[in-house]
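Below is one structure, written out as structure tokens; comments come after it.
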Amino acid sequence: MTTFGIAEWFGQDFLSLDPTARQRLARVALGSDRSEPCPYRGGTCSKAGGVCSIREYDDDGTGRIDTATAGPMVITCPNRFEQDQMLVHWLAEITGLTEGVKMAREVPFMIARSGKPAGKIDLVVATDNQELRWFGLEVQAVYFSGDAMAPEFRHLQTDEETTPPYPQGRRHPDWRSSTAKRLMPQLQAKVPTLRRWASRIAVAVDPAPPVSTAMGGPSTSPSHDVDSGDVIWLVSELRDGELRRRHWEVLTLEESCDRLLAAHPIGRVDFETHLRSMLRAIPTGTMHD
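Numbering (our numbering), first residue to last: 85 to 373.
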């Protein structure tokens with residue numbers, strides 16, 4: 085049996101932590117100790133519980149993690165993408181922004197009828213020399229579903245074994261909530277305006293197998309022409325604690341949405357077969373006006 089547990093915790097490799105370090109970070113995660121710095125963005129860690137990434141683990145048969153079979157890391161905190169500003173430099177290189185490259189975070193993009201900001205672009209990479217040239221950058225970490233992490237932290241707070249305990253709860257990455265339900269509406273709202281402004285938006289995503297498989301993986305002949313589409317997809321990966329480049333390509337908004345949806349309607353015959361098996365009589369009762 086496998087489940088997902090902590091891979092990186094407050095910027096540290098979970099499997100490399102000794103029991104004392106795990107106990108201390110558990111106290112921080114539970115809010116009973118001092119705050120921890122974020123090694124990727126700077127300042128204090130702002131993510132509840134401090135879990136930067138998760139990975140799939142096996143039980144070694146004794147209630148401990150089988151460290152030899154740990155799966156690839158899956159990023160769950162958007163700040164994890166900011167390590168060494170690799171993505172910013174990568175996007176600047178792709179788009180030809182060379183001298184005096186600057187960046188801004190959480191730039192207001194949409195205004196509600198009340199006049200308050202209703203949507204922001206995560207990062208904007210720009211040069212402001214003789215003219216302002218800029219490109220948006222959205223980062224999409226993965227949500228997870230299942231049991232809460234608090235019981236995990238409480239268990240780690242008292243555990244004294246050298247090998248970390250097998251995760252207490254059952255949880256898994258929620259790929260669909262991270263992509264089709266959140267990222268796709270963001271692109272549908274922002275890309276048409278950026279298209280009119282003759283700019284582009286880049287999206288940084290985790291390359292974990294369920295995401296890349298669901299989205300079809302890299303195109304057979306990926307386009308590296310920024311003018312050929314609307315969305316610059318930046319796929320990075322975590323290797324040895326470092327965020328590294330893996331793949332990039334340019335897609336239109338329509339192509340991007342098709343991949344994010346990663347589904348198609350079933351046939352009418354199949355739908356109606358399922359429907360017939362699910363229909364139940366409506367209970368009779370007193371009618372009310």
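Glycine is no exception: its CB is placed at the ideal position from the N, C-alpha and C atoms.
From a predicted model like this one, the values you see are computed outputs, not experimental measurements.
Practice task
Note down, one range per segment and in chain order, each beta strand (DSSP E) of at least 3 residues found wholly within the segment 143 to 223.
Solution key: The DSSP assignment places complete beta strand (DSSP E) segments of no fewer than 3 residues inside the segment 143 to 223 at 185 to 195 and 201 to 212, in order along the chain.
Problem - According to DSSP, residues forming a beta bridge with residue 321 - result: Looking up residue 321 in the sequence shown gives position 237. Note: residue 321 sits in a beta bridge opposite 328.
Handout entry: Under the three-state DSSP convention, the category residue 334 falls into
Key = Numbered from its first residue, the sequence shown carries residue 334 at position 250. In the structure shown, residue 334 sits in a strand (DSSP, three-state: E or B).
Practice task
For the segment 191 to 210 and the segment 240 to 258, state whether three or more C-beta atom pairs, one from each stretch, are separated by less than 8 Å.
Solution key: no
Exercise for the section: Select from 218, 303, 234 and 200 the residue whose C-alpha is nearest the C-alpha of residue 334. Expected result: As a first step, residue 334 must be located in the sequence shown, where it is residue number 250. When each option's Cα is compared against that of residue 334, the closest is 303.
Problem - CB contact flag (residue 223, residue 288, <7 Å) - result: As a first step, residue 223 is located in the sequence shown; it is residue number 139 there, counting from the start. As a first step, residue 288 is located in the sequence shown; it is residue number 204 there, counting from the start. Against a cut-off of 7 Å, the Cβ pair of residue 288 and residue 223 comes out as a contact.
Handout entry: Beta-bridge partners of residue 137, as assigned by DSSP
Key = Your numbering for residue 137 matches position 53 in the sequence shown. Answer by DSSP bridge pairing, in chain order: 92 and 159.
Handout entry: Stretch pair the segment 176 to 183 + the segment 106 to 119: three plus CB contacts closer than 8 Å
Key = no
Exercise for the section: Within 10 angstroms of the Cβ of residue 168, are there 16 or more other Cβ atoms? Answer buried if so, exposed if not. Expected result: Locating residue 168 in the sequence shown gives position 84, where the first residue counts as 1. Answer is exposed; the Cβ neighbour count stays below 16.
Exercise for the section: Less than 8 Å between the CB atoms is what I'm expecting for residue 112 and residue 134, so what's the real figure, rounded? Expected result: Position 28 of the sequence shown, counting from 1, holds the residue named residue 112. Position 50 of the sequence shown, counting from 1, holds the residue named residue 134. Their Cβ separation, rounded to whole angstroms, is 7 Å, which keeps residue 112 and residue 134 in contact under 8 Å.
Problem - Buried or exposed by the 16-neighbour rule on C-beta atoms within 10 Å, applied to residue 368 - result: Here residue 368 is taken as the residue at index 284 of the sequence shown, counted from 1. Classification of residue 368: exposed, given that the 10 Å Cβ count is below 16.
Problem - Cβ-Cβ separation, residue 143 to residue 227 (assumed contact under 8 Å), whole Å - result: For the purposes of this step, residue 227 is taken as the residue at position 143 of the sequence shown. For the purposes of this step, residue 143 is taken as the residue at position 59 of the sequence shown. Not a contact, Cβ separation roughly 24 Å.
Exercise for the section: Return the first residue and the last residue of the alpha helix (DSSP H) that residue 258 is part of. Expected result: Here residue 258 is taken as the residue at index 174 of the sequence shown, counted from 1. DSSP places residue 258 in no alpha helix (DSSP H) but in the uninterrupted beta strand (DSSP E) bounded by 255 to 258.
Handout entry: Backbone CA spacing between residue 310 and residue 286 [nearest angstrom]
Key = Within the sequence shown, residue 310 is the residue found at index 226, counting from 1. Within the sequence shown, residue 286 is the residue found at index 202, counting from 1. If I take the Cα positions, the gap works out to 10 Å.
Exercise for the section: In the DSSP assignment, find the unbroken alpha helix (DSSP H) run with residue 228 in it and report its ends. Expected result: By 1-based counting over the sequence shown, the position of residue 228 is 144. Run containing residue 228: none in the alpha helix (DSSP H); it sits in the beta strand (DSSP E), 227 to 230.
Problem - Sequence-distant residues of its chain with Cβ nearer than 7 Å to residue 230 (five each side left out) - result: Here the question's residue 230 lines up with position 146 in the sequence shown. Cβ within range, chain order: 253, 254, 255 and 256.
Exercise for the section: Below 8 Å on the Cβ atoms is my guess for residue 120 versus residue 94; work out the distance and round it to an integer in Å. Expected result: Against the sequence shown, residue 120 aligns to sequence position 36. Against the sequence shown, residue 94 aligns to sequence position 10. Confirmed, Cβ separation roughly 4 Å.
Handout entry: Per-residue burial, residue 326 [other beta carbons within 10 Å of its own, 16 or more giving buried]
Key = To locate residue 326, count along the sequence shown from 1; it is residue 242. Classification of residue 326: exposed, given that the 10 Å Cβ count is below 16.
Exercise for the section: Going by CA-CA distance only, name the one from 86, 341, 91 and 276 that's closest to residue 156. Expected result: Against the sequence shown, residue 156 aligns to sequence position 72. Among 86, 341, 91 and 276, the Cα nearest to that of residue 156 is on 91.
Problem - Between the CA atoms of residue 324 and residue 153 - distance to the nearest angstrom - result: For this step, residue 153 is matched to residue 69 along the sequence shown. For this step, residue 324 is matched to residue 240 along the sequence shown. One C-alpha to the other measures close to 15 Å.
Handout entry: Enclosing beta strand (DSSP E) for residue 310 [first to last residue]
Key = Taking the sequence shown and counting its residues from 1, one reaches residue 310 at position 226. Residue 310 -> no beta strand (DSSP E), and no H or E assigned at all.
Problem - C-alpha distance - residue 317 paired with residue 332, whole-angstrom precision - result: Along the sequence shown, read from residue 1 onward, the residue named residue 317 stands at position 233. Along the sequence shown, read from residue 1 onward, the residue named residue 332 stands at position 248. Whole-angstrom Cα-Cα distance: 5 Å.
Problem - Beta-carbon spacing of residue 216, residue 275 below 7 Å - result: Position 132 of the sequence shown holds residue 216. Position 191 of the sequence shown holds residue 275. Not closer than 7 Å, so no.
Handout entry: First and last residue of the uninterrupted beta strand (DSSP E) at residue 347
Key = Numbered from its first residue, the sequence shown carries residue 347 at position 263. Under the DSSP assignment, residue 347 falls outside any beta strand (DSSP E); it carries neither an H nor an E label.
Practice task
Using 10 angstroms around the beta-carbon of residue 146, count the other beta-carbons present and answer buried if the total reaches 16, otherwise exposed.
Solution key: Indexing the sequence shown from 1 puts residue 146 at position 62. Result: exposed.
Problem - Cross-strand partners of residue 87 (DSSP beta bridge) - result: For this step, residue 87 is matched to residue 3 along the sequence shown. Under DSSP, the beta-bridge partners assigned to residue 87 are 141.
Practice task
In the DSSP assignment, find the unbroken alpha helix (DSSP H) run with residue 282 in it and report its ends.
Solution key: Residue 282 sits at position 198 when you count from the first residue of the sequence shown. Neither: residue 282 is in no alpha helix (DSSP H) and is coded neither H nor E.
Practice task
Compute the Euclidean distance between the alpha carbons of residue 126 and residue 267, then round it to the nearest angstrom.
Solution key: By one-based count along the sequence shown, residue 126 stands at place 42. By one-based count along the sequence shown, residue 267 stands at place 183. Residue 126 and residue 267: Cα-Cα distance of roughly 25 Å.
Handout entry: Coarse secondary structure for residue 269, derived from DSSP in three states
Key = For the purposes of this step, residue 269 is taken as residue 185 along the sequence shown, with counting starting at 1. DSSP places residue 269 in helix when its eight states are reduced to three.
Practice task
Check residue 121 in the structure and name its three-state DSSP category.
Solution key: Against the sequence shown, residue 121 aligns to sequence position 37. Looking at residue 121 - three-state DSSP - the assignment turns out to be strand.
Problem - Residues sharing a beta bridge with residue 97, DSSP - result: Taking the sequence shown and counting its residues from 1, the one referred to as residue 97 is at position 13. Note: residue 97 sits in a beta bridge opposite 92.
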